[in-house]
Amino acid sequence: MYVCLKCTSEIGPSYHSSEGSAECDECLRYTYMKGGKCVDKPEGVKIDEVGTTLESMRLDQGYFRFSSKSTEVYPCHHYSNCKGGKIPANSTTSLCREGSSGPLCSICEKEYYMSEYYGCLECTSGNAWLGPIVCVVVLLVCGAVVFVYRKKLKALYERHQDRAKEYSHRATMSLVTMQILVILNTTHKSVGGKEMPSPYTDFLALTGFATLDVVSLVPFDCMYEKSFDHADALLLESLVPLFMLGLAMLYASARKLRSKAGKGRKVLSAWLSMIFLVLPVISRRVCQSFKCDTFNVDESTEVRYLTADSGIDCSSSRYDGMFMFACLMVLLYPFGCPLLLFLLLFKYRRNLNPAGKDEDDVIKERKEDAILAQDPVTSFSMLYRPRFWGFEIYNMIRRLLLTCAVLQCEDLAQACLNPTRSTRSTESYTQRTQHTQQITLPAPYIT
């Protein structure tokens, strides 16, 4: 005589039998069958059905598997690109929505471009060029207004110089804060954090222009026959500022040769003053060129792709060339720019903070100092009290640590424990002394 026994009590709590079966041949919905045993489903696998096997796993949106034999499930860098579902006939393209493909659905196909927050979008959708066109139009209009009314604007600035500087400092503070918020969001996802919910992502999408990242603003994918990847972006963002510096130095040299007075122009100082706002973006792009992630295709095969762009194979010659170029750019941007700022300011240290004088008197004298007025780089020190003439160097390094150093964190916990905080990067701005209005505030705290 045969007696029907319950699989959960005889074999294990995860087992189940299909209808009419004499064996416990299925797993309950929280597990799947692997080698005759029920194993917990990894994160990202649907738990709405029983009898799941390794080959029949169905994924939630935002997750990816490299093959139907793979036991590993990975979160996608671009949530919207991975639609989830089941892999039929060992083809992973079914996991990607239309217009995207490749590892983790991170490559946009022809006539599609990558949006940081919405994945691959059609180039013909109407919104691809809207942002760049609006930015160009606004810049052209502002430039035309400044050119036409340059004399009146100059006179207006001279009458309200103190207030104009105050508003300029506040605008810089707001821009730097928004840069940090946007960059922190991308860092959060790159170290394993989940997609931020709406409306926060919508807010970041609207304010993403604050990073001044040309690659994220302009849909270069729509202009290239092939996908515009991280290596292309690295070349663009790191070489264009150097090219502009070279042109400016050639122009200044030509002007100096033609000028009877022979007065030199502080081209390098002016370039560094302009690069200040985009330095975190460029440095971040450079630092993203090193870290690779390892993925399991099946039990015996592994592949390595760049963390910042899964379309770049870390075993390819393209990655090797990019790696060598990025090493040079690390010396130039994250390390070179703070060092350059220190060297340029150091030669003015006696003008910025004369020894043996009262601090308030020095503040007044600095405003009238012709030597300081002729070099744009001294504006970095004029924002602070004399004894903190080099504080902007510390602040620059702090911003770079926040936007670049956290990229080397292995997981979300390490990134959250990073000692640098976005509020700390704006602390120096809120504690500046507004010398022009003769208001005495506490000096910047270095803690």
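Residue numbers for the sequence shown follow my numbering, so the first one is 713 and each next one is one higher.
Glycine included, each C-beta is placed from N, C-alpha and C at the ideal position.
A distance below 9 Å separates the beta carbons of residue 895 and residue 996. Boundaries of the beta strand (DSSP E) around residue 745: 743 to 746. Between residue 847 and residue 933, the CB-CB gap reaches or exceeds 9 Å. Under the DSSP assignment, residue 1039 falls in the alpha helix (DSSP H) whose first and last residues are 1029 to 1044. Under the three-state reduction of DSSP, residue 1008 is assigned to strand. Contact check for residue 993 and residue 925: beta-carbon distance about 5 Å, within the 8 Å limit, so the pair qualifies. Listed in chain order, the non-local C-beta contacts of residue 724 below 7 Å within the same chain comprise 750, local neighbours out to five positions each way being set aside. Ranked by Cα distance from residue 791, the options 970, 844, 807, 721 are led by 807. Every alpha helix (DSSP H) stretch that sits fully inside the region 837 to 906 and reaches 4 residues is listed by chain position as 842 to 860, 862 to 871, 873 to 902.
The beta carbon of residue 844 is closer than 7 Å to those of 929, 930 in its chain, skipping five residues each way along the sequence. Residue 886 is classed as exposed because its beta carbon has fewer than 16 other beta carbons within 10 Å across all chains shown.
Closest option to residue 760, judged by alpha-carbon separation, among 752, 1006, 742: 742. Apart from sequence neighbours up to five positions away, the residues of its chain that approach residue 858 with a beta-carbon distance below 7 Å are 865, ordered along the chain. One Cα belongs to residue 768, the other to residue 783, and the distance between them is close to 12 Å. With contacts defined by Cβ atoms closer than 9 Å, residue 788 and residue 797 do not form a contacting pair. Measuring C-alpha to C-alpha distances from residue 917 to each of 831, 1002, 1021 identifies 831 as the nearest. In the structure shown, the three-state DSSP call for residue 911 is coil. For the 9 Å CB-CB criterion, residue 991 and residue 1111 form a contact. Excluding five sequence positions before and after residue 727, the CB atoms of its chain that fall closer than 8 Å to its own CB belong to 719, 720, 736, 738, 739, 740, 750, given in chain order.
Using a C-beta cut-off of 8 Å, the region 963 to 970 makes no contact with the region 1005 to 1020, since fewer than three inter-stretch Cβ pairs fall below that distance. Residue 827 is bridged by DSSP to 831. Pairing residue 1064 with residue 1098 gives a Cβ-Cβ distance under 9 Å.
Assignment of residue 757 by DSSP, reduced to helix, strand and coil, places it in the strand class.
Assignment of beta-bridge partners to residue 990 by DSSP yields no partner. In the same chain as residue 786, and ignoring 5 residues on each side of it, the C-beta atoms closer than 6 Å to its own belong to 776, in chain order. Residue 1013 sits exposed, since fewer than 16 C-beta atoms from the chains shown fall within 10 Å of its C-beta.
CA-to-CA, the gap between residue 1083 and residue 1045 works out to about 27 Å. Counting the other Cβ atoms within 10 Å of the Cβ of residue 873 gives fewer than 16, which makes it exposed. Taking C-beta atoms under 8 Å as the contact rule, residue 927 and residue 948 qualify, at a distance of about 7 Å.
Under the three-state reduction of DSSP, residue 750 is assigned to strand. According to the DSSP assignment, residue 1013 belongs to no alpha helix (DSSP H) but to the beta strand (DSSP E) extending over 1013 to 1018. In the DSSP assignment, no residue is bridged to residue 1098.
By the Cβ-count criterion, residue 911 is exposed, with fewer than 16 other Cβ atoms from all chains shown falling within 10 Å of its own Cβ. In the three-state scheme derived from DSSP, where H, G and I count as helix and E and B as strand, residue 1048 is classed as helix.
Distance from the CA atom of residue 820 to the CA atom of residue 1109, rounded to whole angstroms, is 35 Å.
Residue 738 is bridged by DSSP to 728.
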